[in-house]
Each structure stands twice: as C-alpha cells, then as structure tokens.
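So the working numbering is basically just the index in the sequence shown, starting at one, shifted up by 10.
All residues carry an ideal CB built from backbone N, CA and C; glycine is no exception.
Computed from a prediction, not measured in an experiment: that's the story for all the values here.
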Amino acid sequence: ISLISRSWCWIAAYPPECEDNSGEHGDVPCERGHDSWLYRWIIFYIPVWIVIVVVTIIMYLLFCAVRNDEKKIVDLQLEHRNQRTSET
Numbered sequence: 011i012s013l014i015s016r017s018w019c020w021i022a023a024y025p026p027e028c029e030d031n032s033g034e035h036g037d038v039p040c041e042r043g044h045d046s047w048l049y050r051w052i053i054f055y056i057p058v059w060i061v062i063v064v065v066t067i068i069m070y071l072l073f074c075a076v077r078n079d080e081k082k083i084v085d086l087q088l089e090h091r092n093q094r095t096s097e098t
C-alpha cells in the first residue's frame, strides 16, 4: 500500500499535519509547501473546471447544430411530398 500512495504526484505541504486543505495552519510548522492549497487550485482544479465547462458548451452547440439540421431535413421532406402530390 505504501508504494501505491507514493505513485501519485501531488502538491502538498510537508509534513502533512502542518496545513489542511483550506490553507489553515495546523499544529506542526510547515517545512515546505506553504500555500500549497492555492497552487493545487491554480494548477489542477481550475484547469479541470475550465475543461468541463468548455466541453459542456461544445456539446450544447453540437446538439443545437444537429437539431437545426434535423429540422431542415424534415422541412425538405415535407416540401418534397407536397411537390409530388401537386404534380399528380
């Protein structure tokens, strides 16, 4: 288990008890990694949320484009049927 826990690279203060996730100082003084919670947000969480929002917007735009194309196809089919019935 110790190998698995060390296989992930993460920005954190050292020792782990010196600071919590919100940046509040703990009982032990930090040797390194002051404000690591801020760097975690800047380097990891903000880009993740930006990607989630961008993908959501792109999927919505794709949905709108397909919906418009389907409406055009239905309109063209109705127009074609009307032309055939008027010719006979």
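Check, Outcome
"So who's on the other strand from Tyr24, going by DSSP bridges?", "Arg42"
"Are Gly36 and Ala22 closer than 8 Å when you measure CB to CB?", "no"
"What does the alpha-carbon distance come out to for the pair His57 and Val63?", "Per the sequence shown, residue 57 should be read as Pro rather than His. Taking the straight line joining both Cα atoms gives about 10 Å."
"Here's a check: name, in chain order, each residue in its chain whose Cβ is nearer than 8 Å to the Cβ of Cys40, leaving out the five neighbours to either side.", "Ala23, Tyr24, Pro25, Cys28, Glu29"
"Pick helix, strand or coil for Asp104, following the three-state DSSP scheme.", "This structure does not reach residue 104, given that the chain is present from 11 up to 98, and the question cannot be answered."
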